[in-house]
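Colleague: For any residue, its number in the working numbering is found by taking its place in the sequence shown, counting from 1, and adding 1.
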Amino acid sequence: MTNPILIDTGRSTTGWSFWGPAFTCDRLWFIINVKQREFINAEALTMGSMGHTILAHYYAQLGCKQGGFEYEGEQVADPDHFLPPEEAVREWARLRELEGTEATPYLATIFDLYRRYLQKEPHVSDQVVAVEHQAKLTLGLNHEGVFGLWIDKNLSEPRLLDCPGLEEPVPGVPGLQHGKPIEVTKRFDLVMRHSADGRTYIWDHKVTGGSVSKKRAEQYSMDGQFAVNRIMGRQLYEDFGGVILNLVQRRSPWTVSRQHVPPTPWRDEQLCRQIYSKAHSLANQLVNYKRHYITEGDWQMTQNELVCYHRYGKCGAFDLCQYGPESE
2 MTNPILIDTG RSTTGWSFWG PAFTCDRLWF IINVKQREFI NAEALTMGSM
52 GHTILAHYYA QLGCKQGGFE YEGEQVADPD HFLPPEEAVR EWARLRELEG
102 TEATPYLATI FDLYRRYLQK EPHVSDQVVA VEHQAKLTLG LNHEGVFGLW
152 IDKNLSEPRL LDCPGLEEPV PGVPGLQHGK PIEVTKRFDL VMRHSADGRT
202 YIWDHKVTGG SVSKKRAEQY SMDGQFAVNR IMGRQLYEDF GGVILNLVQR
252 RSPWTVSRQH VPPTPWRDEQ LCRQIYSKAH SLANQLVNYK RHYITEGDWQ
302 MTQNELVCYH RYGKCGAFDL CQYGPESE
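#1: Suppose the cutoff is 7 Å on Cβ atoms and the five residues either side in sequence are ignored; what does the same chain contact list for Cys322 look like?
#2: Quick one: is Leu46 buried, meaning 16 or more other Cβ sit within 10 Å of its Cβ, or exposed?
#3: Pair every Cβ in the stretch 213-223 with every Cβ in the stretch 157-169, then say whether three or more of these pairs are closer than 8 Å.
#4: Specify the secondary structure class of Leu29 as computed by DSSP and reduced to three states.
#5: Enumerate in chain order the residues of its own chain whose CB-to-CB distance from Pro170 is below 8 Å, with the five nearest sequence positions on each side excluded.
#6: Determine the extent of the alpha helix (DSSP H) in which Thr110 is found, giving its start and end residues.
#7: Give the secondary structure of Trp255 by DSSP, where H, G and I count as helix, E and B as strand, and everything else as coil.
#8: Can at least three beta-carbon pairs, one atom from the stretch 255-270 and one from the stretch 290-302, be found at a separation below 8 Å?
#9: According to DSSP, is Met48 helix, strand or coil?
#10: State the CB to CB distance for the pair Phe400 and Ala131, rounded to an integer number of angstroms; the pair is presumed to be in contact (CB under 8 Å).
#11: Just to confirm before moving on: does the CB-CB distance between Phe31 and Gly317 stay below 8 Å?
#12: First and last residue of the beta strand (DSSP E) that includes Val147?
#13: Going by the DSSP bridge assignment, what does Trp204 pair with across the sheet?
#14: Between Gly21, Gln76, Ala23, Gly11, which has its C-alpha nearest Gly49's C-alpha?
#15: Would you mind stating whether Cys273 and Gly101 have Cβ atoms separated by less than 8 Å?
#16: What does a CB cutoff of less than 6 Å around Gly234 pick up in its chain, not counting 5 residues either side in sequence?
#17: Given a cut-off of 8 Å on the beta-carbon distance, is the pair Val35 and Leu287 in contact?
#18: Determine, using beta-carbon pairs with one atom in the stretch 51-60 and one in the stretch 84-98, whether at least three such pairs fall under 8 Å.
#19: Assuming contact is defined by CB atoms lying nearer than 8 Å, are Asp299 and Met193 in contact in what I supplied?
#20: Expressed to the nearest angstrom, what Euclidean distance is found between the alpha-carbon atoms of Arg188 and Gln76?
#21: Taking Asp190 as the reference, give the member of Phe19, Pro123, Val244 with the closest Cα.
Take a look at the structure:
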């Protein structure tokens, strides 16, 4: 028997963490991906990752106890294939601290969160279908000649980046190469077949220190990551039912709230064109920047009070836009 594994719950290669900032502000995308600055609060980011890790191992072992599920291309039915949840998050913390990220002080909170989470669902009747499942969409034509974002089996002809682009990937920018396919990747936190209606749902965990009000799903509905979930889900699962937001509060009152994310059908249909246009715009800008035809100041700033100073506070790049890169 092989040693139990630690599930990778990190970002996918060209997921919404790569594309999303560009739909908010071109300069923000530039600072995050080209300059490789990280602005998410360190505590929130670390505890969110730890929460994802402990939930991933809980549901992976649960799926094995239910009879098994496919994980990274193989059928797994032995719970010991995965590290136990508490041990997994300890190992995650150990590895992050080797990289210089403080994580151990948050372990007690995450263990408390996990204990309370289990108390809220002593019996799970839904079936685990997948945990941290990686999927990919490629821009192009399907077998009926329809332009869109397609999983591999539905893709007939990829639409390549046909403007000047990078000759090879650079750190922080895994895509945007001239003559290469334009891809959107995703790592599903959890896929469940619900006992109530027999349909398959993609779950997205959000471990938060903030509100878990009933409005949260509506607030997330226009977030592009959920459009990607739906586009993939409809192609991967014939009985696809939609997306569930699994909100888990990491402080008192430790609420767990599962909410259906409202569909946005018109927006979902436009996403392929939005990605196509944005990929070409970013590639042109990036090539011109690397050739010194433009400066950092040419990356467009949104300059809007609701974007630059949002519900979580001011944008992480606020000072860099207010005073310039010399303020770093």
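We put the beta carbon where it would ideally sit given N, CA and C, even for glycine. Everything numeric in this text was worked out from a predicted model, so none of it was measured.
Modeller: Quick look at the numbers:
#1: Answer for Cys322: Arg28, Met302, listed in chain order.
#2: Exposed: under 16 other Cβ atoms inside 10 Å.
#3: Between the stretch 213-223 and the stretch 157-169, the count of Cβ pairs shorter than 8 Å is below three; the stretches do not touch.
#4: Three-state DSSP puts Leu29 in a helix.
#5: The residues are Gly176, Gln178.
#6: Its alpha helix (DSSP H) spans residues 108-121.
#7: Correct three-state label for Trp255: coil.
#8: The stretch 255-270, when compared against the stretch 290-302, does not touch it at the 8 Å Cβ threshold.
#9: DSSP, read as helix, strand or coil, puts Met48 in helix.
#10: The chain is shown only over 2 to 329; residue 400 falls outside these bounds and no answer can be derived.
#11: Not a contact, by the Cβ cut-off of 8 Å.
#12: First-last for Val147: undefined, no H or E at that position.
#13: Leu191, Ile245.
#14: Just measuring C-alpha positions, the residue of Gly21, Gln76, Ala23, Gly11 sitting nearest Gly49 is Gly11.
#15: Cβ distance not < 8 Å, so Cys273 and Gly101 don't count as in contact.
#16: Result list for Gly234: Ile203, Phe241, in chain order.
#17: Yes, these two residues count as a Cβ contact at 8 Å.
#18: Yes: the two stretches touch, three or more of their Cβ pairs being nearer than 8 Å.
#19: Not closer than 8 Å, so no.
#20: Spanning the two alpha carbons is a distance of roughly 18 Å.
#21: For Asp190, the nearest C-alpha among the options comes from Val244.
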